[in-house]
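Protein chains in written order, with the working numbering: chain F, 56 to 381; chain X, 7 to 266. No residue lacks a Cβ here, since even glycine has one placed at the ideal position from N, Cα and C.
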Amino acid sequence: MPVVLVVVDAVDGSVPKPTLELLTLARRIGTPAAVVFGPAARAAVPALGEYGAADVYLVPDPQVLEHLVVPKVDALQQIAGQIGGELAAVLLTSSPEGKEVGARLALRLESGLITDAVDVEAGDPASGHAVVATESVFAASFTVTSAVTAGVPVITVKPNATTPVAEPVEPAVHEVAVELSDAATATAITDRTVRESSGRPELTDASIVVSGGRGLGGAEHFAQIEGLADLLGAAVGASRAAVDAGWYPHSNQVGQTGKTVSPQLYLAIGISGAIQHRAGMQTSKVIAAINKDPEAPIFDLADFGIVGDLHKVVPALTEEIARRRG
Amino acid sequence: MPKIVVLVKFTPDLTSDRSFLPDGTVDRAATPGRLSELDEHAAEQALRVQESGDGWELTYLTMGPDGASDALRKALSMGGDGAVHVKDDALHGSDAFATSLVLAAAIKRIGFDLVVTGMASTDAGMGVVPALLAERLGVPQVTYAGRLSVSGEAVEILRDSDTSAETVTARLPAVVSVTDRTGEARYPSFKGIMAAKKKPVETLSLADLGIDPGLVGLAGARTTVLTATRRPARTAGQLVKDDGDGGRALADFLAAQRFI
Numbered sequence: 056m057p058v059v060l061v062v063v064d065a066v067d068g069s070v071p072k073p074t075l076e077l078l079t080l081a082r083r084i085g086t087p088a089a090v091v092f093g094p095a096a097r098a099a100v101p102a103l104g105e106y107g108a109a110d111v112y113l114v115p116d117p118q119v120l121e122h123l124v125v126p127k128v129d130a131l132q133q134i135a136g137q138i139g140g141e142l143a144a145v146l147l148t149s150s151p152e153g154k155e156v157g158a159r160l161a162l163r164l165e166s167g168l169i170t171d172a173v174d175v176e177a178g179d180p181a182s183g184h185a186v187v188a189t190e191s192v193f194a195a196s197f198t199v200t201s202a203v204t205a206g207v208p209v210i211t212v213k214p215n216a217t218t219p220v221a222e223p224v225e226p227a228v229h230e231v232a233v234e235l236s237d238a239a240t241a242t243a244i245t246d247r248t249v250r251e252s253s254g255r256p257e258l259t260d261a262s263i264v265v266s267g268g269r270g271l272g273g274a275e276h277f278a279q280i281e282g283l284a285d286l287l288g289a290a291v292g293a294s295r296a297a298v299d300a301g302w303y304p305h306s307n308q309v310g311q312t313g314k315t316v317s318p319q320l321y322l323a324i325g326i327s328g329a330i331q332h333r334a335g336m337q338t339s340k341v342i343a344a345i346n347k348d349p350e351a352p353i354f355d356l357a358d359f360g361i362v363g364d365l366h367k368v369v370p371a372l373t374e375e376i377a378r379r380r381g
Numbered sequence: 007m008p009k010i011v012v013l014v015k016f017t018p019d020l021t022s023d024r025s026f027l028p029d030g031t032v033d034r035a036a037t038p039g040r041l042s043e044l045d046e047h048a049a050e051q052a053l054r055v056q057e058s059g060d061g062w063e064l065t066y067l068t069m070g071p072d073g074a075s076d077a078l079r080k081a082l083s084m085g086g087d088g089a090v091h092v093k094d095d096a097l098h099g100s101d102a103f104a105t106s107l108v109l110a111a112a113i114k115r116i117g118f119d120l121v122v123t124g125m126a127s128t129d130a131g132m133g134v135v136p137a138l139l140a141e142r143l144g145v146p147q148v149t150y151a152g153r154l155s156v157s158g159e160a161v162e163i164l165r166d167s168d169t170s171a172e173t174v175t176a177r178l179p180a181v182v183s184v185t186d187r188t189g190e191a192r193y194p195s196f197k198g199i200m201a202a203k204k205k206p207v208e209t210l211s212l213a214d215l216g217i218d219p220g221l222v223g224l225a226g227a228r229t230t231v232l233t234a235t236r237r238p239a240r241t242a243g244q245l246v247k248d249d250g251d252g253g254r255a256l257a258d259f260l261a262a263q264r265f266i
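Below you can see the structure in the form of C-alpha cells.
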C-alpha cells in the first residue's frame, strides 16, 4: 500500500485544520503517515489517528524549533529513507516554511515539487502520474493541473483545499532521533514572540471575510470592520495599503504578498482592488464592496457594490443586520 | 572586498493579460515585462548594505531571455556596480530546481558573501529559489526577512509567521530573501539612469557555467503542466449609489444570498 507522508504544521502538539485537510487528501492517494515536530509532539497522536494516520513519526528534539527549516528537512529525509519504496507522496501546508521545507526535501530526494495546490487527486494509472495537483495562477485568472514527473511528488497545499473527513485508526507511533546536519544549526532562531489569538476565525478558513483598506482612513476605524465581522462570524482581512500604514497586522493581509482567501462571501470595504489585492480574493464565491469611487476596480468583480461613504454605510449595515437578527 | 549578489527576474507585468504557451510555459512574448516589483525590495536592501560601508561590491544576476537585460538595467539605475545575465535557449521552461542549479553556479563564479533575493517572483511565485540556493551553496538560509541588518560577519532578520514573529541570525556567507515589508524601493534618478548605461553587463551561457543543457529547461523539468484553463472572468454586478439607504440595500443583498 502506498504511503503518503503528511507534515503537521504545528509544534505545540496541536493539529490545525489545514493538517486535517492534508490527511483527508492523502487518503485519496494511499495510507497517511504523519510527522510531528517538537517536544509536545505526542499530544497530537489521537487527533492524527482520528483522521486516518496509520503511522505517526514523532520528532521531539527541541533543536528542531531553535533553527530555521533545515532540521525539519533532515528529519523528513531520514523518515523518507525509513519508509523506502512505499513512499508515494509528501504533503505539506503551503506556508512560507512549508514551501521551503518541501523544496529542500525535494532537492535531496531528486523529486519534483508543486506548491500552492488547491486540490490533489490520485492520477490515472494509465497516465503514469501518481498524483495530479490543481493550482490557481496569474491572480487566479487560470486554473492549472500539473504532475510531478521525477521521484516522489512533494506537494504543498493551500488551506481550505477540502473539508476534513474523519476515518479513525489506531496509529503506530515511532519516535525518531534525528541526526542533524551542520547546515541544520547554521540559522538560529534567537527570539520568538507568539501572537495572541484574536478569537475570530482563521482568515484562510473563514466562510466570510470582511476586509478594510486605505479608505478607512486610520487604524481606529478598523473597530467598525471588527464589529461587522463579529456580527457575521467572519474573519478580518486588510489590504496591503492598510497594513503598510500600520493600521492592521501583516498576518491579516489579503493579496499577492499576504494570504489567499476563497470564502463564501468577501466584503471589501474601502479597498480599491489593485491586481495585487485581487490576486488574493477573486476566487471568493460572492464579492460585495463599499467604496466612494464608482470607478474603483473592485466594482468590476463585485456581485454587489455600494458607492458611498463607508463611514456612513458600514454603521448603517451593522445596525440593519443587528436589527434583523432581533 | 566583500561581495553581494542580488538576484533579479524579468517578469510579465502584473496588470497585463498573462497566459500560457502550448508547451505549458508562461507566454513571455505576449506581455510587456519588467523588473519584478518584489525584486526591487531586494535591490533596495542590498544597496542599503552597500551604502553602510565596508566596501561591498554589488552585482545583479538574472537568468532569462534577451528582454531580461531590461531588468538588469533598471536595477543598475537604482545603484550597484555591474551585472551578469545568464542566457541560453536551453533554459526555456526551467523549473525551480534548474533555476537554482544555474543561479548557484553563476553565484559561485561571481563570488559572494551575501546573496539577496526577493521573497518570490511575481509570475511562478513559488518562493522556493532562495531556500534551494542555500541548499546548493551549502550556506545558511535567512529568508522572508521583514527587516534586515548586516553587521560584521553576521546577518539578522525579523521573520513573520502566522503565529509568531521570529528573530533569525546566521553567519555570512548566507542567502537572504526580503519581503515587501522591508520598505519602499528607491526610484532611479536621472543620474542613476545615465550611469547604468556605462556599467558592465556580462553575458554567460550554460557552457560558460559548465552545466549540461539536459539538466535544465523543459528537458530537465521535474513537473509537467497537464492543462491550463482560463477561468471565466468575473463580471460586475449591481452597483447602488448610497443615498442614505445603502446599508439597508447591502443587507437586503446579503439576506437574499442567505448570509444573514
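With respect to the C-alpha of G88 (chain X), the residue from X:F103, X:A239 and X:G198 having the closest C-alpha is X:G198. Classified as buried, K314 (chain F) has 16 or more neighbouring CB atoms from the shown chains inside 10 Å of its CB.
Runs of the alpha helix (DSSP H) lying entirely within the region 146 to 205 of chain F, each at least 4 residues long, are 151 to 164 in chain order. For A290 (chain F), the CB contacts under 6 Å within the same chain, skipping 5 residues up- and downstream, are R255, P256, L258, A261 and V264 in chain order. Among the CB atoms of chain X, one or more fall inside 7 Å of the CB of F193 (chain F). L41 (chain X) sits in a strand when the DSSP states are folded into three classes. With respect to the C-alpha of V121 (chain X), the residue from X:A35, X:P18 and X:Q51 having the closest C-alpha is X:Q51. Apart from sequence neighbours up to five positions away, the residues of its chain that approach P370 (chain F) with a beta-carbon distance below 8 Å are Q279, ordered along the chain. The C-beta distance from A323 (chain F) to I353 (chain F) rounds to 5 Å, short enough to meet the 8 Å contact threshold. Q118 (chain F) and V161 (chain X) have their alpha carbons spaced roughly 20 Å apart.
Chain X has a Cβ within less than 7 Å of the Cβ of I244 (chain F). Selection F:L235, F:D358, F:A227 and F:H122 evaluated against A242 (chain X) yields F:D358 as nearest (Cα-Cα). Bridge partners of N346 (chain F) according to DSSP: F:V362. Contact check for A239 (chain F) against D129 (chain F) passes: the beta carbons are separated by less than 7 Å. The beta carbon of L224 (chain X) sits closer than 7 Å to the beta carbons of D29, H98 and G99 from its chain, once the five residues preceding and following it are set aside; these are given in chain order. For D166 (chain X), the enclosing beta strand (DSSP E) starts and ends at A160 to D166. Residue environment: A261 (chain X) is assigned as exposed (fewer than 16 neighbouring CB atoms within 10 Å of its CB, all protein chains considered). For E172 (chain X), there is no enclosing alpha helix (DSSP H); the residue is part of the beta strand (DSSP E) that begins and ends at S170 to R177. DSSP, read as helix, strand or coil, puts F118 (chain X) in coil. With a cutoff of 7 Å on beta-carbon distance, A158 (chain F) and I210 (chain F) are scored as not near each other. It is roughly 31 Å from the alpha-carbon of I266 (chain X) to the alpha-carbon of V70 (chain F). For V298 (chain F), the closest C-alpha among the options X:R115, X:G253, X:I113 and X:R187 is that of X:R187. With respect to S166 (chain F), V192 (chain F) sits apart: the two C-beta atoms are not nearer than 7 Å.
Boundaries of the alpha helix (DSSP H) harbouring V100 (chain F): V100 to E105, taken from the DSSP string.
Residue burial is scored here from C-beta neighbours: G288 (chain F) has fewer than 16 other C-beta atoms within 10 angstroms and is therefore classed as exposed.
Proximity of chain X to R379 (chain F) at the Cβ level (cut-off 8 Å) is accounted for by A257, A261 and I266, in chain order. In the assembly as shown, G73 (chain X) is an exposed residue. Its beta-carbon has fewer than 16 other beta-carbons within 10 Å. Interface flag for H305 (chain F) against chain X is set, since a Cβ pair is found closer than 7 Å. Where T79 (chain F) is concerned, the enclosing alpha helix (DSSP H) starts and stops at K72 to A81. Under the DSSP definition of a beta bridge, T209 (chain X) partners with X:H91. Closer than 7 Å to the CB of P101 (chain F) there is not a single CB belonging to chain X.
Against chain F, a Cβ distance below 8 Å from D186 (chain X) picks out R295 and T312. Setting aside the 5 residues that flank it on each side, E155 (chain F) is surrounded in the same chain by V124, each with a C-beta closer than 6 Å to its C-beta; the list follows chain order. For the region 131 to 150 of chain X, the set of residues with a beta-carbon nearer than 7 Å to any beta-carbon of chain F comprises M132, G133, V134, A137, L138, E141, G144, P146, Q147, V148, T149 and Y150, in chain order.
Here F259 (chain X) carries a helix assignment [DSSP, helix/strand/coil]. Between the alpha carbons of S294 (chain F) and V66 (chain F) lies a distance of about 29 Å.
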